[in-house]
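Single-structure report; data block below.
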Amino acid sequence: MAIDTTIQDGVLSLRFARPEKKNAITAAMYASLAAALRAAASDESVRAIVIAGSPGVFTAGNDLGDFLENPPADLDQPVVHFMDAFVDLDKPVIAAVTGHAVGIGVTLLLHCDLAYLAEGAILTMPFVALGLVPEFGSTTLLPQRIGHARAAERLLLGEPISAADALGCGLVNAVLPPAEVVPRAMQAAARLRALPADAVQTAKRLLREPQRETTRRAIRAEFEVFVERLRSPDTRAALRAFFERRATHPPGGLQPSADRR
Ligand code: COA
48 MAIDTTIQDG VLSLRFARPE KKNAITAAMY ASLAAALRAA ASDESVRAIV IAGSPGVFTA
108 GNDLGDFLEN PPADLDQPVV HFMDAFVDLD KPVIAAVTGH AVGIGVTLLL HCDLAYLAEG
168 AILTMPFVAL GLVPEFGSTT LLPQRIGHAR AAERLLLGEP ISAADALGCG LVNAVLPPAE
228 VVPRAMQAAA RLRALPADAV QTAKRLLREP QRETTRRAIR AEFEVFVERL RSPDTRAALR
288 AFFERRATHP PGGLQPSADR R
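Residue numbers (the numbering used here): 48 to 308.
This is the structure in structure tokens:
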């Protein structure tokens, strides 16, 4: 299913495993992720979750072929089930961002409790350039995290975020040599596993609870517009252009224009 799932020593590891497509996430992959997260929530033996990519790429975001050929029409979609399962989790989630991340590969970081990023990785959210709108509650959570001005730069202009920027604005905990990203995430998971489970999960719930309802509402409001936009001429043209290898994204693509701290 292109998601590798393993549980070892109380840690659920989820790994995007579609490197030939830059780990682009299909509907089937969202369904696997949602099922794994729901199962982890009710499995007492799972104490922490690590989500990782492949060397050089975390994920290129939603599969653009799915958007083109099979655009979601309503909220009863694997991607929405995945987002809901993520938001509902009380167990801690650690992102091992092994390389570039695009779209939902970036917005999901707003729902992780810890995140480690590979040196040289670039994070981009090119929703608007694709004729779309931001998703996964990012219209609410990103401005809260980094301030409106910086969020607008990333979400409206689609400015890439360098690893230094991501660290500077508090999107990730550390920037590491690529080979150290997964081990550091696993180390953090092992530390969490060794702590009292109830205390960890209650603390996470207290940290997240004030924003949970707002986040759920934002996810729905964003997605309703998103599914309309997917059928817009702007988006259809941008998606076709991607597969025809014409420029769709802002000049520079994954090159950050400058390090803004
Ligand atoms: N959906 C579907 N396929 C994707 C994809 C995506 N999101 N991202 C990459 N791929 C595929 C490419 O079509 C290509 O397939 P092919 O070898 O069969 O032609 C393969 O993955 C490699 O991608 P390529 O673009 O050649 O790699 P790159 O290293 O030059 O660039 C990215 C990597 C991630 C910068 C670039 O692929 C990209 O911009 N992808 C789209 C990201 C995006 O817009 N995501 C959605 C956000 S809402």
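Note that the Cβ used here is the ideal one computed from N, Cα and C, for glycine as well.
* **Element boundaries [beta strand (DSSP E), containing Asp51]** => Counting from one through the sequence shown, the residue named residue 51 turns up at place 4. For Asp51, the enclosing beta strand (DSSP E) covers residues Ile50 to Gln55.
* Asked: Between the Cα of Pro125 and the Cα atoms of Asn109, Leu136, Leu61 and Arg231, which residue gives the shortest distance?
  -> For the purposes of this step, residue 125 is identified with residue 78 of the sequence shown, where counting begins at 1. Residue Asn109 holds the alpha-carbon nearest to the alpha-carbon of Pro125 among Asn109, Leu136, Leu61 and Arg231.
* To do: Can you grab the Cα-Cα spacing for the pair Val140 / Leu161, in whole Å?
  => Position 93 of the sequence shown, counting from 1, holds the residue named residue 140. Position 114 of the sequence shown, counting from 1, holds the residue named residue 161. Going from the Cα of Val140 to the Cα of Leu161 covers about 7 Å.
* Asked: Given 8 Å as the limit, is there contact between the stretch 199 to 210 and the stretch 168 to 182, that is, 3 or more CB pairs closer than that?
  -> The way I'd put it, the stretch 199 to 210 does touch the stretch 168 to 182; three or more beta-carbon pairs between them come closer than 8 Å.
* Option nearest Tyr163 by Cα separation, candidates Ile266, Glu227, Ala246 and Asp56 -> Here residue 163 refers to the residue found at position 116 when the sequence shown is read from its first residue. Closest in alpha carbon position to Tyr163, among Ile266, Glu227, Ala246 and Asp56, is Glu227.
* If you measure from the CB of Ala213, is any heavy atom of the ligand COA nearer than 7 Å? -> Start at 1 with the first residue of the sequence shown, and residue 213 comes out as number 166. For the ligand COA, not one heavy atom lies less than 7 Å from the Cβ of Ala213.
* Is Ser209 helix, strand or coil when you go by DSSP? -> One-based indexing of the sequence shown puts residue 209 at position 162. Coil.
* Any heavy atom of the ligand COA closer than 7 Å to the CB of Asp281? -> Numbered from 1 along the sequence shown, position 234 holds the residue referred to as residue 281. False, no ligand heavy atom lies under 7 Å from that Cβ.
* Straight-line Cα distance separating Val153 from Phe290 -> Walking along the sequence shown from the start, residue 290 turns up at place 243. Walking along the sequence shown from the start, residue 153 turns up at place 106. A direct Cα-Cα distance of roughly 22 Å separates Phe290 from Val153.
* Within 10 angstroms of its Cβ, does Pro298 collect 16 or more other Cβ (buried), or is it exposed? -> For the purposes of this step, residue 298 is identified with residue 251 of the sequence shown, where counting begins at 1. Unreliable positioning characterises Pro298 in this predicted model, as indicated by a pLDDT of 41, which lies under 50. The coordinate reading is nonetheless provided below. The residue is exposed, with fewer than 16 neighbouring Cβ atoms inside 10 Å.
* With DSSP as the reference, label Ser304 as helix, strand or coil. => Counted from its first residue, the sequence shown places residue 304 at position 257. Because the pLDDT of Ser304 is 42, which lies under 50, any placement of that residue in the model is unreliable, and the number read from its coordinates should be weighed accordingly. Ser304 falls in the coil class under three-state DSSP.
* Figure out for me which residue from Ala237, Ile193 and Asn117 has the closest Cα to the Cα of Arg278. => Here residue 278 corresponds to residue number 231 of the sequence shown, with the count starting at 1. Closest by alpha carbon: Asn117.
* Just mark Thr106 as buried or exposed, buried being the case when its beta carbon has 16 or more other beta carbons within 10 Å. => By 1-based counting over the sequence shown, the position of residue 106 is 59. Thr106 should be labelled buried.
* In angstroms, rounded to a whole number, what distance separates the CA positions of Val93 and Ile151? -> Against the sequence shown, residue 93 aligns to sequence position 46. Against the sequence shown, residue 151 aligns to sequence position 104. Their Cα atoms are separated by approximately 24 Å.
* Three-state secondary structure (DSSP) of Gly215 -> In the sequence shown, residue 215 corresponds to position 168, counting from 1. DSSP places Gly215 in the helix class (H, G or I) of the three-state scheme.
* Asked: Cβ of Ala71 within 7 Å of any heavy atom in the ligand HEM?
  -> In the structure on display, the ligand HEM does not appear, and the ligands it does have are the ligand COA.
* Taking three-plus beta-carbon pairs below 8 Å as touching, is the stretch 125 to 136 in contact with the stretch 73 to 92? -> The stretch 125 to 136 is in contact with the stretch 73 to 92.
* Asked: From this set, Leu115, Leu188 and Asp56, which residue's C-alpha is nearest Leu218's C-alpha?
  -> The count along the sequence shown starts at 1 and reaches residue 218 at position 171. For Leu218, the nearest C-alpha among the options comes from Leu188.
* Measure the C-alpha to C-alpha separation of Asp51 and Leu59 and round it to an integer number of angstroms. => Your numbering for residue 51 matches position 4 in the sequence shown. Your numbering for residue 59 matches position 12 in the sequence shown. Each residue's alpha carbon lies about 10 Å from the other.
* Considering only residues of the same chain and omitting the five flanking positions on each side of Cys159, which have a CB-CB separation below 6 Å? -> Your numbering for residue 159 matches position 112 in the sequence shown. Hits under 6 Å: Val140 and Ala142.
* To do: Name the two residues that bound the continuous alpha helix (DSSP H) containing Ser89.
  => Position 42 of the sequence shown, counted from the start, is the residue given in the question as residue 89. Looking at the DSSP string, the run of the alpha helix (DSSP H) that includes Ser89 is Ala74 to Ser89.
* Which of the three DSSP states, helix, strand or coil, is assigned to Ile266? -> Numbered from 1 along the sequence shown, position 219 holds the residue referred to as residue 266. DSSP places Ile266 in the helix class (H, G or I) of the three-state scheme.
* To do: Just confirm the distance between the C-beta atoms of Leu136 and Ala95, as a whole number of angstroms; I'd bet it's less than 8 Å.
  => Mapped onto the sequence shown, residue 136 falls at position 89. Mapped onto the sequence shown, residue 95 falls at position 48. Leu136 to Ala95, Cβ: 11 Å. No contact.
* **Separation of Ile54 from Pro102, as counted between CA atoms** => Stepping through the sequence shown from its first residue, residue 102 is reached at position 55. Stepping through the sequence shown from its first residue, residue 54 is reached at position 7. The straight-line gap separating the alpha-carbon atoms of Pro102 and Ile54 is approximately 21 Å.
* Asked: How close, in whole Å, do the beta carbons of Gly184 and Ile266 come, if the pair is a contact with beta carbons under 8 Å?
  -> Taking the sequence shown and counting its residues from 1, one reaches residue 184 at position 137. Taking the sequence shown and counting its residues from 1, one reaches residue 266 at position 219. Going by Cβ atoms, the distance from Gly184 to Ile266 rounds to 5 Å, so yes, they are a contact pair.
* Can you give the beta carbon distance from Val272 to Val149, rounded, assuming they're within the 8 Å contact cut? -> For the purposes of this step, residue 272 is taken as residue 225 along the sequence shown, with counting starting at 1. For the purposes of this step, residue 149 is taken as residue 102 along the sequence shown, with counting starting at 1. Val272 to Val149, Cβ: 20 Å. No contact.
* Asked: Grouping DSSP H, G and I as helix and E and B as strand, with all else coil, what is Phe183?
  -> Position 136 of the sequence shown holds residue 183. Three-state DSSP puts Phe183 in coil, outside helix and strand.
* Asked: Going along the chain, which residues of its own chain have a beta-carbon closer than 8 Å to the beta-carbon of Gly100, five neighbours each way excluded?
  -> To locate residue 100, count along the sequence shown from 1; it is residue 53. Result list for Gly100: Arg62, Phe63, Asn70, Thr106, Ala143, Val144, Thr145, Gly146, Ala148 and Gly152, in chain order.
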